[in-house]
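Enquirer: Taken in order, the sequence shown gives residues 487 to 636; the numbers are from the numbering used here.
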Amino acid sequence: GILLAILFLFNKLTILRRKVSGVNSYVFYFVSEKMNWTEAQTYCRQHYTDLVTVNDQTYIDELLQSLPSGFSSMMWIGLYRTDEYFPWVWVWSDGSKALFTPWDYSQPNNVGGQQYCVCMSTKGFWSDWWCTDKLPFLYALRKCGSLRRW
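This is the structure we're talking about:
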């Protein structure tokens, strides 16, 4: 039972890259099991973290360089919008406001008035997307003193 659960977890979870740079060390994780945005967020929180928060282009570049070879899908990141009407406010899953937003061409466009969540392409550009679609996703764990111990 437990061994089977552990094997299942590691079959779907890929440690992408370990980045060590002083106090801001972290490990990127890629989860290939497709989930909707809320399921992905719940999965991350059950593992003491959250969907990835991206605050600059360097972070995107490191994530993209770390993706599995041949991967070409969109993937969830931790960004979503909190309001229904324009101008939209974009917030990270951890509660912080998005200041860096490298939107893809003609994005965000809120097709059908239902695109509240954000995914990232393998080129690093973002699109608003339907939260109910199932996509793989990314998260990162910081390796510092504030990390919860288990």
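Ideal Cβ placement from N, Cα and C applies to all residues, glycine included.
To which residues does DSSP link D614 through a beta bridge?
Expert: V604
Enquirer: If you drop the 5 nearest sequence neighbours on each side, which residues of the same chain put their C-beta closer than 6 Å to that of Y566?
Expert: Y602 and C603
Enquirer: Quick check on the burial criterion: 16 or more other C-beta atoms within 10 angstroms. Buried or exposed for Q527?
Expert: The Cβ neighbour count for Q527, taken over all protein chains shown within 10 Å, is at least 16; the residue is labelled buried.
Enquirer: Would you say the segment 609-626 touches the segment 577-589, given that touching needs at least three Cβ pairs under 8 Å?
Expert: Touching, per the Cβ criterion.
Enquirer: Which of the three DSSP states, helix, strand or coil, is assigned to S582?
Expert: It is coil, neither helix nor strand.
Enquirer: When the Cα atoms are used, what is the spatial distance from Y534 to S518?
Expert: Each residue's alpha carbon lies about 18 Å from the other.
Enquirer: Can you tell me which residues form a DSSP beta bridge with L537?
Expert: Y625
Enquirer: Bridge partners of L565, per DSSP?
Expert: W578
Enquirer: Could you pull out every residue in the same chain whose Cβ sits closer than 8 Å to the Cβ of S607, ignoring the five residues on either side in sequence?
Expert: So the qualifying residues of the chain are M560, D590 and S613.
Enquirer: Apart from the five residues just before and just after S579, which ones in its own chain have a Cβ nearer than 6 Å to its Cβ?
Expert: For S579, where only same-chain residues beyond five positions count, the Cβ hits under 6 Å are Q527, D536, L537 and G564.
Enquirer: Look at the alpha carbon of K620 and the alpha carbon of Q600, and state the distance between them as a whole number of angstroms.
Expert: Cα to Cα, the separation comes out at about 15 Å.
Enquirer: Taking 8 Å as the cut-off, decide whether the C-beta atoms of Y512 and R628 are in contact.
Expert: Y512 places its beta carbon less than 8 Å from that of R628.
Enquirer: Nearest-angstrom Cα distance between F516 and R531?
Expert: 15 Å
Enquirer: Need the endpoints of the alpha helix (DSSP H) that S552 sits in, please.
Expert: Q543 to S552
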